[in-house]
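Q: Handing you this structure, nothing more for now.
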Amino acid sequence: MNTTSSQLRGRDWISPTIAALISVMVNYGGTFILVFQAAKVAGLSPEMTASWILSISVGVGLTGIWLSYRYREPIITAWSTPGVAFLVSVLAITPYEEAIGAYIISALGFIVLGISGMFERFVRLIPPGIASGLLAGILLQFGISAFGGAKADPLLVIVLFAAYVLLKRYTSRYAIVGILVIGLIYLISLGKVDFSTIKLAIASPVFIVPEFSLHALLGVALPLFIITLTGQYMPGMLVLRNDGFKTSANPILIVTGLGSLVAAPFGSHAFNVAAITAAICTGKDAHEDSTKRYLAGIACGIFYMVVGIFGVTLAALFLILPANFIATLAGLALLGTIGGSLAGALTEPKGRETALITFLATAANVTLLGVGGAFWGLVAGLAAHIVIHGQFRHKPYRTSGIQQAEQK
2 MNTTSSQLRG RDWISPTIAA LISVMVNYGG TFILVFQAAK VAGLSPEMTA SWILSISVGV
62 GLTGIWLSYR YREPIITAWS TPGVAFLVSV LAITPYEEAI GAYIISALGF IVLGISGMFE
122 RFVRLIPPGI ASGLLAGILL QFGISAFGGA KADPLLVIVL FAAYVLLKRY TSRYAIVGIL
182 VIGLIYLISL GKVDFSTIKL AIASPVFIVP EFSLHALLGV ALPLFIITLT GQYMPGMLVL
242 RNDGFKTSAN PILIVTGLGS LVAAPFGSHA FNVAAITAAI CTGKDAHEDS TKRYLAGIAC
302 GIFYMVVGIF GVTLAALFLI LPANFIATLA GLALLGTIGG SLAGALTEPK GRETALITFL
362 ATAANVTLLG VGGAFWGLVA GLAAHIVIHG QFRHKPYRTS GIQQAEQK
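Right, dumping it as structure tokens:
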């Protein structure tokens, strides 16, 4: 891409920055509570918990900024959400020092995988229709949640939805900006959020001397590696591919692996390319010009670093926002991506059925053998494709629905 800093105008930062803010809010407000649950299970002190938040937030911030700037694409990095969900159960029976050692081994695995190039070669074999179906299946629940919150707070959902539709009609580029501002005004005016308990404090890193054991290798490192690879890296790379971005998975694996390796002794469990929250920053709502969407990756990184520096303070700020607000905001922000993914999945008649199988199997979100629905949806789609078409990829596939829309 040919975009340089000198070609950027101030307003080019507005939409990417707002998309990045929503992405970060969804991450901290949606699943970050799992980090606190895992820390409690492990019996960590407040200082060690703050160190975990600091290391993982600053780490994903730095890796995301570097990758986005280096490749001029919105390469959003994040922590492994399925990984930390797994840790909630395993840290109860694993000494924390051994868990830290397992994080290090897992990080080394990603570095080796990136250097080998095997993962990138596999990603390139996946038909675009199946990739689009996988993404649509992953995001479906978020789209449904945009309206499901009406059961608990119908007025909030109505206000946000009405604002979104009107802003899309008159100023589409700033629709997400508008519903974020309107939503916050609504919450504050009705007293639905209380900021009085928030106190600013800077987190400090706490170094944990790692220990290595066979138990932690087989019980923590290996499952964490597999869960992160299938639940985060795979859909994350397909999000990028679906929106037309072509950066190889190899440098992403190496950079996030190195970041995870450095941050592990301070409590960080795993960095990876983001999937769901990345989709907020890779589509047209982040910027009409795809060559400028990398700004969202840089903005995301800055936000993550700020949150990390202030540790649990700003994480707590995100956590006090109502869950319905976060869910509705995320769902509306992802509507364009969901629509584009469904269009891409159903574009080619010969691949439509296998793409639909991928979509439905992924949306079912069935967990088997400790591995999440995204992986099994992909397996189902690829298996059906091979059996029906007799090959891994067939020639008529062109571009995704999102890419075709942008070309028009």
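Residue numbers (this note's numbering): 2 to 409. Cβ atoms here follow ideal geometry from the backbone N, Cα and C, with glycine treated the same way.
Counting along the chain, where does the alpha helix (DSSP H) carrying Asn251 start and finish?
A: 250-264
Q: Note down the Cα distance separating Thr292 from His216, rounded to an integer number of angstroms.
A: 46 angstroms
Q: Considering only the alpha carbon of each residue, which of Leu141, Thr278, Gly220 lies closest to Met238?
A: Thr278
Q: Please list the terminal residues of the continuous beta strand (DSSP E) segment that includes Gly79.
A: Inspection of the sequence shows that residue 79 is occupied by Ala rather than by Gly. 78-80 is the span of the beta strand (DSSP E), which, as asked, contains Ala79.
Q: From the DSSP output, read off the bridge partner residues of Val182.
A: Its beta-bridge partners do not exist; DSSP assigns none.
Q: Out of Thr18, Ala51, Ser16, Ser46, point me to the one whose CA is closest to Gly309's CA.
A: Measuring from the Cα of Gly309, the nearest candidate turns out to be Ala51.
Q: To the nearest angstrom, how far is the alpha carbon of Leu254 from that of Val59?
A: 18 angstroms
Q: In three-state terms, what does DSSP make of Asn243?
A: helix
Q: Could you check if Tyr234 is buried or exposed, using at least 16 other CB atoms within 10 Å of its CB as the buried criterion?
A: buried
Q: If you run the structure through DSSP and keep just helix, strand and coil, what is Ile389?
A: helix
Q: Would you kindly work out how many angstroms separate the C-alpha atoms of Lys396 and Arg73, rounded to a whole number?
A: Unreliable positioning characterises Lys396 in this predicted model, as indicated by a pLDDT of 47, which lies under 50. A coordinate reading is not provided.
Q: Report the option in Ile387, Ala362, Leu379, Pro47 whose CA atom is closest to the CA atom of Ala204.
A: Pro47
Q: Taking the alpha carbon of Tyr104 as the point to measure from, which residue in Pro155, Leu223, Asn28 has its own alpha carbon closest?
A: Leu223 is the residue among Pro155, Leu223, Asn28 whose C-alpha sits nearest the C-alpha of Tyr104.
Q: Taking the beta carbon of Phe304 as the centre, do at least 16 other beta carbons fall within 10 Å, making it buried, or is it exposed?
A: buried
Q: If you drop the 5 nearest sequence neighbours on each side, which residues of the same chain put their C-beta closer than 8 angstroms to that of Asn3?
A: Unreliable positioning characterises Asn3 in this predicted model, as indicated by a pLDDT of 46, which lies under 50. The coordinate reading is nonetheless provided below. Thr292, listed in sequence order.
Q: Which whole-angstrom value is the C-beta distance of Ala79 and Cys282, which I expect to be below 8 angstroms?
A: Contact between Ala79 and Cys282 does not hold, since the beta-carbon distance rounds to 11 angstroms and is not under 8 angstroms.
Q: Please report the straight-line C-alpha distance between Ala132 and Leu188, rounded to a whole angstrom.
A: 37 angstroms
Q: Which partner residues does Phe272 have in the DSSP bridge list?
A: Trp80
Q: Please say whether Leu191 and Thr338 have beta carbons closer to each other than 8 angstroms?
A: no
Q: Indicate the three-state DSSP secondary structure (helix, strand or coil) for Arg71 in the structure shown.
A: helix
Q: Can you grab the Cα-Cα spacing for the pair Thr229 / Ser81, in whole Å?
A: 6 angstroms
Q: With a 10 Å radius around its C-beta and 16 neighbouring C-beta atoms as the bar for buried, classify Thr64 as buried or exposed.
A: Residue environment analysis places Thr64 among the buried positions, since at least 16 neighbouring C-beta atoms fall within 10 angstroms of its C-beta.
Q: Is Ala164 near Gly179, with beta carbons less than 8 angstroms apart?
A: yes
Q: Using a 10 Å radius around the Cβ and a threshold of 16 neighbouring Cβ atoms, would you call Ala271 buried or exposed?
A: buried
Q: Might you give, ordered along the chain, the residues of its own chain that have their beta carbon closer than 8 angstroms to the beta carbon of Pro323, omitting 5 neighbours on each side?
A: Asp154, Leu157, Leu188, Lys193, Val194
Q: Is the beta carbon of Ile23 sitting closer than 8 angstroms to the one on Ala334?
A: Cβ atoms of Ile23 and Ala334: closer than 8 angstroms.
Q: One question on the structure: do Gly391 and Ala362 come within less than 8 angstroms of each other, judged by their Cβ atoms?
A: Not closer than 8 angstroms, so no.
Q: Does the beta-carbon of Leu241 have 16 or more other beta-carbons within 10 angstroms, so that it is buried, or is it exposed?
A: buried
Q: Is DSSP giving Pro47 helix, strand or coil here?
A: Under the three-state reduction of DSSP, Pro47 is assigned to helix.
Q: For the putative contact between Glu98 and Val210, defined by C-beta atoms under 8 angstroms, what is the C-beta separation to the nearest angstrom?
A: 6 angstroms
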